[in-house]
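Going down the list, the sequences are from chains A and B.
Numbering that gives the first Met the number 0 numbers the first residue of the first sequence as 0 and each following residue consecutively.
Numbering that gives the first Met the number 0 numbers the first residue of the second sequence as 0 and each following residue consecutively.
The beta-carbon is built from N, C-alpha and C at its ideal position, and this holds for glycine as well.
Structure first, commentary second.
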Amino acid sequence: MAREVPGLEPMGRFIVPKSVERTLTNGLTVIALRRSSVPLVEVRLRVPFGSAKLSHPHVARTGMLAQTLFSGTPTMSTVDIAAELQVVGGALSAGVDPDRLLVSGNALVSGLDRMLGILGEVLTDATYPADEVATERDRLADRIQVAQTQPAHLARAALLKRRYGKHPYAAPTPRVPQVRAVTASRLRELHAERVHPHGAALVIVGDISPQKAMDAAERALSTWDGGGKEVVQPPAPDVVPGPLLLVDRPGSVQSSIRLILPAVDREHPDYAALQLANLVFGGYFSSRWVENIREDKGYTYSPHSAIEHSQVGSVLLLATDVATAVTGPALVETLYELGRMATTPPKEAELEQARQYALGTLQLGLSTQSGLASLASTYAGFGLRLDYLVGHAARLAAVTRDQVAAAAATYLAPAKVLAVVLGDADRMGDSLARLGPVERTTVDEGTTV
Amino acid sequence: MSRRARTKIPATTYDVERLTLPNGLRVVLAPDRSAPVVGVAVVYDVGIRSEPQGRTGFAHLFEHLMFQGSESLEKLAHFRYVQGSGGTFNGSTHLDYTDYFESMPAGALERVLFLEADRMRGPRLTEENLRNQVDVVKEEIRVNVLNRPYGGFPWLKLPPVMFDSFANAHDGYGSFDDLESATVEDAQEFFDRFYACGNAVLAVAGDISVPEATQLVERHFGDVPARPAPVRPDFAEPDLSAERRDSYADRLAPLPAVAAAWRVPDPIADPTGYLPYVVLAEVLTDGDASRLVQRLVLRDRSVTSVGGYLGFMGEPFEVRDPTALVLQAHLPPSGDVDKVLRTIDEECERIASDGLDPGELARVQARMATHLLRDADAVLGRALRMAVLEQQRGDASVLGELPRWLGEVTEGEVKAAAAALRPDRRASVEIEPGASGGTK
């Protein structure tokens with residue numbers, strides 16, 4: 000006999016931890032929050048790193064800069080930096096994308112001063128020693144070569160090229176010949192030009208009073224140079240609809256299906272409704288798309304659709320990898336579910352389920368030091384603070400079924416899809432061509448901007 | 000390099016209440032009211048090593064079937080109830096255990112306990128769901144192993160070189176043939192044998208009060224029929240007496256790679272013997288100041304990356320005997336695997352004979368403490384780790400002890416561990432690259 004599923008206790012009022020914020024005289028914004036669950040501290044430093052135009056040598060240099068930022072200072076070698084951080088249970092690393100340079104780290108909370116001290120020395124005085132640069136050039140080149148054999152990487156590259164044309168977002172991955180040409184002196188130039196505090200944000204989260212964290216940041220980073228130039232990123236080009244791009248990867252045992260749709264930024268009035276529409280469609284497991292192509296048809300393991308925000312635009316990305324033989328049928332089901340979203344409103348129960356999920360996962364996202372630090376840092380990059388989430392939670396709670404239907408009609412319409420399929424074109428048969436116009440290309444052509 | 004005083008590793012104590020229900024279910028409650036969220040983990044003492052011959056991949060396939068409906072729940076209901084409560088869920092299959100878990104706002108605790116209890120009483124095993132999930136698992140294997148370079152390297156590729164018995168050596172993802180031959184009867188038998196409540200641990204961590212949570216656990220799990228845990232087979236195998244090497248071609252891989260493993264003492268029966276290897280793996284590979292990164296990556300440039308860990312799935316405190324210390328390295332084009340292995344031997348001998356630099360052990364121990372604390376910050380991470388520690392070591396509160404345990408490992412013990420990583424005890428597997436690789 001079936002038992003009754005227990006109900007839910009109401010979710011508590013949505014509370015965001017209080018933060019302390021200060022802008023140092025050099026222009027660096029510092030945001031500090033306390034979470035005392037474990038005796039650690041997390042730091043995130045986000046430095047704007049956008050480009051005015053697409054330049055492969057520049058992309059290679061930014062990639063190499065992230066790779067070698069911690070390779071030396073006048074007083075410390077790569078090994079010294081890593082060892083000194085380990086002494087306080089710490090580590091720092093850097094990554095770069097077309098929008099920003101991001102330094103991430105953590106340590107025992109007693110080591111915050113030391114970690115920020117090392118970070119300050121690196122930001123002011125990184126030397127990019129020629130030997131280390133040579134080592135990292137080869138390592139990065141090898142990593143890119145490996146990435147270029149990964150279907151997920153290739154499919155994304157083809158999709159970004161298709162969406163962004165000649166915009167800097169079209170080619171975020173450095174190319175090997177340009178990486179090989181990067182010199183230590185060019186990295187020092189790039190550092191002087193771009194690694195500066197104006198517009199940058201440092202977030203500190205941990206088992207420490209925000210005031211103390213703030214003081215530590217001021218001690219360590221207020222002498223970081225405030226010079227450097229501003230870069231204005233060009234707006235993303237309009238989407239130009241076109242045929243499905245079929246990227247032939249002979250020997251593939253799966254087809255990587257990637258679709259891109261328009262989306263809006265976090266402050267747009269449609270955003271909460273779009274977020275819920277996406278959840279109902281394919282943004283979580285209990286969605287129409289996943290229940291259809293995975294749990295009903297068994298075409299795939301992990302279909303997923305998500306809104307990605309970049310500095311100059313947001314997109315909705317759909318990704319699924321399916322058995323080659325069902326490429327056509329899987330695309331049909333995908334377009335069918337998008338079409339259903341765009342033309343008929345979701346059921347009340349579907350909307351409530353998505354709403355609960357959106358609100359609950361907001362709370363989960365704030366429940367760890369690293370989660371808080373990453374969220375606060377990302378939001379700071381978009382000029383937002385964590386209290387944005389209070390308003391956003393209220394908006395999610397208030398969205399109506401009509402608003403979700405309207406957002407789905409505007410943003411999830413199959414007519415607006417740009418599609419890329421990467422796989423063994425000859426083994427897919429002609430089922431894709433029966434669905435609409437197809438343009439076939441090679442991996443090299445499809446992914447090279 | 001500085002000779003600064005060693006950083007004090009903070010003592011950590013997590014609140015832990017442990018109880019056993021009359022039906023044999025062990026329960027761990029770890030209250031932490033610092034955020035309004037809860038993590039729930041149910042861990043069954045069965046994994047890849049326990050699956051029957053001819054049924055490779057079955058433990059994992061069965062994990063999928065545990066999500067396909069249960070006594071009171073239709074297919075899809077589990078997912079919808081968890082996510083519709085604002086929560087997330089998943090499950091995963093390991094060598095020695097299988098876990099099922101959720102994290103969610105605190106107000107959903109009772110519902111989630113109900114969902115876990117319902118499938119502990121019995122999943123709905125149907126032919127249709129089985130065929131559907133065989134298809135899903137095949138796509139999982141394609142996306143994670145067959146359609147990408149270095150798929151399953153080295154966790155699926157090294158055990159068959161190191162071990163002889165089916166239990167330890169076979170492919171835990173499974174062959175398509177075995178997966179396709181699985182039957183509903185196999186699944187029912189597997190559930191009856193291994194998914195007894197006496198073979199499970201439930202852990203709840205986060206925003207709970209112990210008395211209320213105890214009441215909820217008793218309400219929902221109290222009438223799960225008592226079934227004793229099966230006798231766990233002995234998976235022991237003798238150590239290697241001679242070096243073993245293997246290689247295979249990976250048609251998608253552009254660059255060579257190698258992984259090597261050495262048997263280590265029993266993680267549970269002999270913690271004193273085991274812990275030095277956990278520290279040694281980090282001394283060798285954690286960050287730019289580690290021995291092998293300094294030597295192989297930065298000095299010789301004979302590898303582009305190197306990593307090291309305990310257990311083939313990288314879980315030092317969630318694995319039973321027999322297990323191994325594993326090192327893996329990716330090489331540049333036309334890299335020399337023999338030379339890399341020889342250099343690793345040299346560096347181990349150097350530690351064995353010269354010991355560690357001043358401060359080296361302390362800084363590695365400090366970093367390991369950070370890693371352990373960081374994993375325990377999330378309520379779900381805390382629940383999962385505690386559940387497995389309770390199951391394998393009989394005490395969830397060990398989680399708070401681990402930083403101290405690692406901190407007590409001595410230089411002498413690390414030297415002795417390094418001395419044991421000899422080539423004649425080594426199993427290794429090499430990838431011969433088959434892809435030309437791009438040059439763009």
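Ordered along the chain, which non-local residues of its own chain (more than five positions away) have a Cβ less than 8 Å from that of residue i?
i        : result
B/ALA195 : GLY23, ARG226, PRO227, ALA228, PRO229
B/LEU340 : VAL257, ALA259, PRO422, ARG425, SER427
A/LEU365 : VAL15, PRO16, LEU371, LEU374, LEU385, LEU388
B/LEU297 : ASP287
A/ALA1   : none
Residues of chain A with a CB under 9 Å from the CB of residue i: which are they?
i        : result
B/LEU405 : By Cβ distance, chain A contributes nothing, its closest Cβ being about 12 Å from B/LEU405, past 9 Å.
DSSP three-state label for residue i, please.
i        : result
B/PRO104 : strand
B/SER427 : strand
B/ASN22  : coil
A/ARG439 : strand
A/TYR300 : coil
A/ALA383 : Rather than Ala, the amino acid found at residue 383 of chain A in this sequence is Leu. In the structure shown, A/LEU383 sits in coil (DSSP, three-state: anything other than H, G, I, E or B).
B/ASP249 : strand
B/PRO9   : coil
A/THR61  : helix
B/SER180 : helix
B/ALA377 : coil
Anything in chain B within Cβ reach of residue i, meaning under 8 Å, just list it in chain order.
i        : result
A/THR134 : VAL296, LEU297, ARG300
A/SER369 : ARG373, ASP376
A/GLU444 : Result: empty, since nearest Cβ-Cβ is about 11 Å, beyond 8 Å.
For residue i, which residues of its own chain have a beta-carbon under 7 Å away from its beta-carbon, when the five flanking residues on both sides are left out?
i        : result
A/GLY110 : VAL87, GLY88, GLY89
B/PRO35  : PRO104, ALA105, ASP206
A/LEU68  : ALA93, VAL121, ALA125
A/ARG3   : The identity of residue 3 of chain A in the sequence shown is Glu, whereas the question assumes Arg. Closer than 7 Å at Cβ, skipping near neighbours: no residue.
B/TYR43  : TYR96, THR97, PHE193, TYR194, ASN198, ALA199
A/LEU7   : none
B/THR11  : LEU372, GLY399, PRO402
A/VAL437 : PRO242, LEU243, LEU245, LEU431
Which residues in chain A have a C-beta closer than 7 Å to the C-beta of residue i? List them in chain order.
i        : result
B/MET103 : GLY359
B/PRO35  : GLY11, GLN362
B/GLN82  : TYR283, PHE284, SER285, GLN352, TYR356
B/GLY106 : LEU7, GLU8, PRO9, MET10
B/ASN22  : Residues of chain A passing the Cβ test: none, with the nearest at roughly 17 Å.
Which residues in chain A sit within 8 Å of residue i, going by Cβ to Cβ distance?
i        : result
B/ASN146 : PRO150, SER251, VAL252, GLN253, ASP320
B/ASN198 : Per Cβ cutoff of 8 Å: no residues; B/ASN198 is ~23 Å from chain A at best.
If the cut is a Cβ gap below 7 Å, which residues of chain B does residue i touch?
i        : result
A/ASN105 : THR369, ARG373
A/GLY110 : THR6
With DSSP as the reference, identify every bridge partner of residue i, one or two as the case may be.
i        : result
B/THR87  : B/SER102
A/ILE207 : According to DSSP, which records beta bridges pairwise, A/ILE207 is partnered with nothing at all.
A/ILE30  : A/GLU20, A/VAL202
B/ARG244 : B/SER427
B/TRP261 : B/LEU324, B/ARG425
A/SER255 : A/ASP320, A/LEU421
B/PRO30  : B/GLY205
A/SER373 : Paired residues: none, contrary to the question.
B/GLY446 : Residue 446 of chain B lies beyond the residue range present for chain B, which begins at 0 and ends at 439; the question has no answer from this structure.
Suppose the cutoff is 6 Å on Cβ atoms and the five residues either side in sequence are ignored; what does the same chain contact list for residue i look like?
i        : result
B/GLU317 : VAL387
A/ALA212 : ALA31, ILE203
B/ARG3   : Residue placement at B/ARG3 is flagged as unreliable, the pLDDT there being 48, under the threshold of 50; a coordinate-derived value is accordingly withheld.
B/GLY436 : Because B/GLY436 sits at a pLDDT of 47, beneath the cut-off of 50, its placement in the model cannot be relied upon, and the point is left open.
Quick one: list the residues of chain B neighbouring residue i, beta-carbon separation under 9 Å, in chain order.
i        : result
A/TYR300 : VAL135, VAL136, LYS137, GLU138, GLU139, ILE140, ARG141, VAL142, ASN143
Establish whether the CB of residue i and some CB of chain E are separated by less than 8 Å.
i        : result
B/GLU109 : Within the model displayed, chain E is absent; protein chains A and B are what it includes.
- prompt: So does the stretch 329-340 of chain B actually touch the stretch 377-385 of chain B, counting three or more Cβ pairs closer than 8 Å?
  reply: no
query: Between the stretch 225-241 of chain A and the stretch 127-135 of chain A, do at least 3 Cβ pairs fall closer than 8 Å?
result: Note that the stretch 225-241 of chain A does not touch the stretch 127-135 of chain A; fewer than 3 beta-carbon pairs, one per stretch, sit closer than 8 Å.
- prompt: Are there three or more Cβ pairs, one per stretch, closer than 8 Å when the stretch 87-102 of chain B is compared with the stretch 309-323 of chain B?
  reply: yes
- request: Would you check if there are 3 or more beta carbon pairs closer than 8 Å linking the stretch 34-52 of chain A to the stretch 376-393 of chain A?
  value: yes
query: Do the stretch 114-127 of chain B and the stretch 54-69 of chain B make contact, defined as three or more Cβ pairs closer than 8 Å?
result: yes
- prompt: Any contact of the stretch 311-328 of chain A with the stretch 422-435 of chain A, i.e. 3+ C-beta pairs under 8 Å?
  reply: Taking 8 Å as the limit for Cβ pairs, the verdict is that the stretch 422-435 of chain A does touch the stretch 311-328 of chain A.
message: For the stretch 278-298 of chain A against the stretch 340-360 of chain A, do three or more pairs of beta-carbon atoms, one drawn from each stretch, fall closer than 8 Å, so that the two count as touching?
response: Touching, per the Cβ criterion.
message: Check whether the stretch 211-229 of chain A and the stretch 290-304 of chain A are in contact - that is, three or more C-beta pairs closer than 8 Å.
response: no
field: Meets three-Cβ-pair contact criterion under 8 Å: the stretch 154-170 of chain B and the stretch 434-445 of chain A
entry: no
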